[in-house]
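Number of protein chains: 2
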Amino acid sequence: MTEKTYGIVGLGLMGGSFARAIRGNILTGPGCKGKILALDRDPEVLRDALGEGIIDRAFPPQDAPEMLRSCDVVFLCLYPARTVDFLKEHRGDFKAPSIVTDISGVKAALARELPGILSPDFDFILGHPMAGGEKEGWANASGKIFRGRNYILMPLPSNTPGDLSFFRGLVAALGFSRIVETDCAAHDSKIAFTSQLCHVIACALVDSAEDTGVTSFGGGSFEDLTRIAMINAPLWTELFFTNKAVLLERIGAFEKSLGALKAMLVKDERAGLLAWLSQVREKRIDMSRIEIHAANGEKKSP
Amino acid sequence: MTEKTYGIVGLGLMGGSFARAIRGNILTGPGCKGKILALDRDPEVLRDALGEGIIDRAFPPQDAPEMLRSCDVVFLCLYPARTVDFLKEHRGDFKAPSIVTDISGVKAALARELPGILSPDFDFILGHPMAGGEKEGWANASGKIFRGRNYILMPLPSNTPGDLSFFRGLVAALGFSRIVETDCAAHDSKIAFTSQLCHVIACALVDSAEDTGVTSFGGGSFEDLTRIAMINAPLWTELFFTNKAVLLERIGAFEKSLGALKAMLVKDERAGLLAWLSQVREKRIDMSRIEIHAANGEKKSP
Numbered sequence: 069m070t071e072k073t074y075g076i077v078g079l080g081l082m083g084g085s086f087a088r089a090i091r092g093n094i095l096t097g098p099g100c101k102g103k104i105l106a107l108d109r110d111p112e113v114l115r116d117a118l119g120e121g122i123i124d125r126a127f128p129p130q131d132a133p134e135m136l137r138s139c140d141v142v143f144l145c146l147y148p149a150r151t152v153d154f155l156k157e158h159r160g161d162f163k164a165p166s167i168v169t170d171i172s173g174v175k176a177a178l179a180r181e182l183p184g185i186l187s188p189d190f191d192f193i194l195g196h197p198m199a200g201g202e203k204e205g206w207a208n209a210s211g212k213i214f215r216g217r218n219y220i221l222m223p224l225p226s227n228t229p230g231d232l233s234f235f236r237g238l239v240a241a242l243g244f245s246r247i248v249e250t251d252c253a254a255h256d257s258k259i260a261f262t263s264q265l266c267h268v269i270a271c272a273l274v275d276s277a278e279d280t281g282v283t284s285f286g287g288g289s290f291e292d293l294t295r296i297a298m299i300n301a302p303l304w305t306e307l308f309f310t311n312k313a314v315l316l317e318r319i320g321a322f323e324k325s326l327g328a329l330k331a332m333l334v335k336d337e338r339a340g341l342l343a344w345l346s347q348v349r350e351k352r353i354d355m356s357r358i359e360i361h362a363a364n365g366e367k368k369s370p
Numbered sequence: 069m070t071e072k073t074y075g076i077v078g079l080g081l082m083g084g085s086f087a088r089a090i091r092g093n094i095l096t097g098p099g100c101k102g103k104i105l106a107l108d109r110d111p112e113v114l115r116d117a118l119g120e121g122i123i124d125r126a127f128p129p130q131d132a133p134e135m136l137r138s139c140d141v142v143f144l145c146l147y148p149a150r151t152v153d154f155l156k157e158h159r160g161d162f163k164a165p166s167i168v169t170d171i172s173g174v175k176a177a178l179a180r181e182l183p184g185i186l187s188p189d190f191d192f193i194l195g196h197p198m199a200g201g202e203k204e205g206w207a208n209a210s211g212k213i214f215r216g217r218n219y220i221l222m223p224l225p226s227n228t229p230g231d232l233s234f235f236r237g238l239v240a241a242l243g244f245s246r247i248v249e250t251d252c253a254a255h256d257s258k259i260a261f262t263s264q265l266c267h268v269i270a271c272a273l274v275d276s277a278e279d280t281g282v283t284s285f286g287g288g289s290f291e292d293l294t295r296i297a298m299i300n301a302p303l304w305t306e307l308f309f310t311n312k313a314v315l316l317e318r319i320g321a322f323e324k325s326l327g328a329l330k331a332m333l334v335k336d337e338r339a340g341l342l343a344w345l346s347q348v349r350e351k352r353i354d355m356s357r358i359e360i361h362a363a364n365g366e367k368k369s370p
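Protein sequence lines correspond, in order, to chains W and S.
Under our numbering, the first residue of the first sequence carries the number 69, and numbering increases by one thereafter.
Under our numbering, the first residue of the second sequence carries the number 69, and numbering increases by one thereafter.
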């Protein structure tokens, strides 16, 4: 790990955080031969990253082939559609052999386009780091956002056991505490619930606020529920539409649950609401238990 | 403040936290003459609180008159309906003069019953500490839950300026960082949004989860949105029904916002969704600004 050349395509919040975490957790020793190369369309971001000593070399987009030819591990930190385009465009530019991975929050389009993307030159590992923050961009990048978080991997038949094992170790070294493995369809289905539906709800809640001064009356709940409504609108518009069918199903299920609660209120069903809330409480406590259990016992990193 | 006798009625999460915060922040010096008396129906809780040195004397419910006669400041830390009953039952038992305050999350019933509650003997100050936690009871009480939180006061014409001023100082000393003043109707209306609607949404979201293992795919959003779904079912059933009319309005407004977002998805209105999300982002950022500004500049404590 300490001798590899890492390439980061896109030095935004995620790419910048990967660069910082690699520099801070992996390429630490003084005699360490590993390097970080980075590509971004914003020259100022590249200058900053170089100046801070986070990256070793900077590349503008037109020099992508030159950079990719030198990288043993490439993190594509672009929006989902752009990730597909970049892979198609640069399919012949990656080093052979190398590992290439993405961070797309929805995998359907990638899964569909794989035949035109995969190549014997590089091992493409589909990944989704479950981390982020409401403040985007290089300026807010931090290796700390990965600590204790989940990393979802969707291994492909083309992935070699050696590359997968190396990548699991790399992800653990970057601070992620649990690696979950699944396939693209299951990923998109689960993510529609745990991530996209939550963003949809948070945004609808903020939209429905009568006035912005209402938080003077807050006790923490509103703040916790809506922090993610400080949303990166272009990214999430893309994510919502890319996973539209499953997301609409999840919104429908949520509306049904909300409707059930509302009906009990309207019909003055006190005993019914008490029982329903008690059940919800138990379900949420079970979810925490599973979370804790998984975090302690199910680490799949080597 | 350090010479008063404080009475806590109900040593649950809130009452217990008041007792701990008074002991930890106010009655600290060695020569301090102030005392804490507490009443609870659970003898074991009283024994614990005495043993830990948090309270000075413990009273079972039947000895309420004896305790109330000695207290300069009484915190009623009961569920809303029980608070009204207790005040009616013990109207003649409070020390004259003394300050009595409640923590009810909904004020409509209290406001309605005031004529049968108020007395020249004691100054009843309506309050709502915006703090809590998903783990209830004395065992989880902690003075720390008040730090940096909002305290809502609903001054009555009967409250003396001196008592209100003393109480604001007391609340600030307990760790609350902002005191907001309003009336009962406005309180119930705002709280229906910032607190009750949030609990309703969190519970509906947990209810709509397909399986409890879905959190292995979480990135923090689901956890943040649903922590409050580990709900105290009897308390919140009472709160929801006591504020039913306003809460139903808030649920309706939220459903409308959610419906607007859903319609844009269904109709493939990408530009519309992008604009809507951008607007939500700005609104939420404004809310944070107001929060921060209020926390820094609008403290009303003396």
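We put the CB at the ideal spot given by N, CA and C, even for glycine.
| query | result |
| --- | --- |
| Which of helix, strand or coil does DSSP assign to Gly195/S? | strand |
| Taking the beta carbon of Cys266/S as the centre, do at least 16 other beta carbons fall within 10 Å, making it buried, or is it exposed? | buried |
| Less than 8 Å between C-beta atoms, sequence neighbours within five positions excluded: which residues of the same chain meet that for Ile360/W? | Interpretation of Ile360/W is limited by its pLDDT of 49, a score under 50 that renders its predicted location unreliable; no figure is taken from the coordinates. |
| Output needed for Arg109/W: all residues of its chain with C-beta closer than 6 Å, excluding positions within five of it in sequence on either side, in chain order. | Pro129 |
| Mark Arg357/S as exposed unless 16 or more other C-beta atoms lie within 10 angstroms of its C-beta, in which case mark it buried. | exposed |
| Counting C-beta neighbours from all protein chains within 10 Å, is the total for Pro111/S 16 or more, i.e. buried, or is it exposed? | exposed |
| Taking any Cβ of chain S, which residues in the region 342 to 353 of chain W have a Cβ under 7 Å from it, in chain order? | Leu342, Leu345, Ser346, Val348, Arg349, Lys351, Arg352, Ile353 |
| Out of Ala87/W, His255/W, Ile193/W, point me to the one whose CA is closest to Arg236/W's CA. | Ile193/W |
| Quick check for students: name the residue ranges of the beta strand (DSSP E) that lie wholly in the region 111 to 185 of chain W, counting only runs of 3 or more. | 125 to 127, 141 to 144, 166 to 170 |
| From the DSSP output, in three-state form, read off Glu249/W for me. | strand |
| Give me, in chain order, the residues of the same chain whose beta-carbon lies closer than 7 Å to that of Leu303/W; leave out the 5 immediate sequence neighbours on both sides. | Tyr147 |
| Kindly give me the distance between the Cβ atoms of His249/S and Leu221/S, rounded to whole angstroms, as I take these residues to be in contact under 8 Å. | According to the sequence displayed, residue 249/S carries Glu and not His. Right, their Cβ atoms sit about 5 Å apart. |
| Starting from Ala209/S, trace the beta strand (DSSP E) both ways and give me its first and last residue. | It is not in any beta strand (DSSP E) - Ala209/S carries neither H nor E in the DSSP assignment. |
| Does DSSP put Phe214/S in a helix, in a strand, or in coil? | helix |
| What number of angstroms, rounded off, separates the C-alpha of Gly216/S from the C-alpha of Gly200/S? | 12 Å |
| Could you tell me which residues DSSP puts in a beta bridge with Gly75/S? | Leu105/S, Val142/S |
| In chain S, what lies closer than 9 Å to Gly84/W by C-beta? | Here the premise fails: no neighbours, minimum Cβ distance about 18 Å. |
| For Cys100/S, count the other beta carbons within 10 Å of its own beta carbon; 16 or more makes it buried, fewer makes it exposed. Which is it? | exposed |
| Using a Cβ-Cβ distance under 8 Å, would Lys203/S count as near chain W? | no |
| Flag this pair as touching only if the region 315 to 328 of chain W and the region 224 to 232 of chain S have three or more C-beta atom pairs under 8 Å; answer yes or no. | no |
| Give me whichever residues DSSP pairs with Ser276/S in a beta bridge. | Its beta-bridge partners do not exist; DSSP assigns none. |
| Look up Ile299/S in the DSSP assignment and say whether it is helix, strand or coil. | coil |
| Output, in chain order, the set of chain W residues within a Cβ distance shorter than 9 Å of His158/S. | Within chain W, no residue comes near His158/S; the closest Cβ sits about 27 Å away, beyond 9 Å. |
| Kindly indicate which three-state DSSP category Phe190/S falls into: helix, strand or coil? | strand |
| So Gly287/W and Met332/S are supposed to be a Cβ contact under 8 Å. How far apart are they, rounded? | The pair is not a contact, with the Cβ atoms about 31 Å apart (cut-off 8 Å). |
| From Lys367/S to Leu238/S, what distance separates their C-alpha atoms? | A caution first: Lys367/S carries a pLDDT of 36, below 50, which makes its placement in the model unreliable, though a value can still be read off. Distance between the alpha carbons of Lys367/S and Leu238/S is about 14 Å. |
| Hey, Ala87/S and Ile122/S are a contact pair by Cβ (cut 8 Å); roughly how many whole angstroms apart? | 5 Å |
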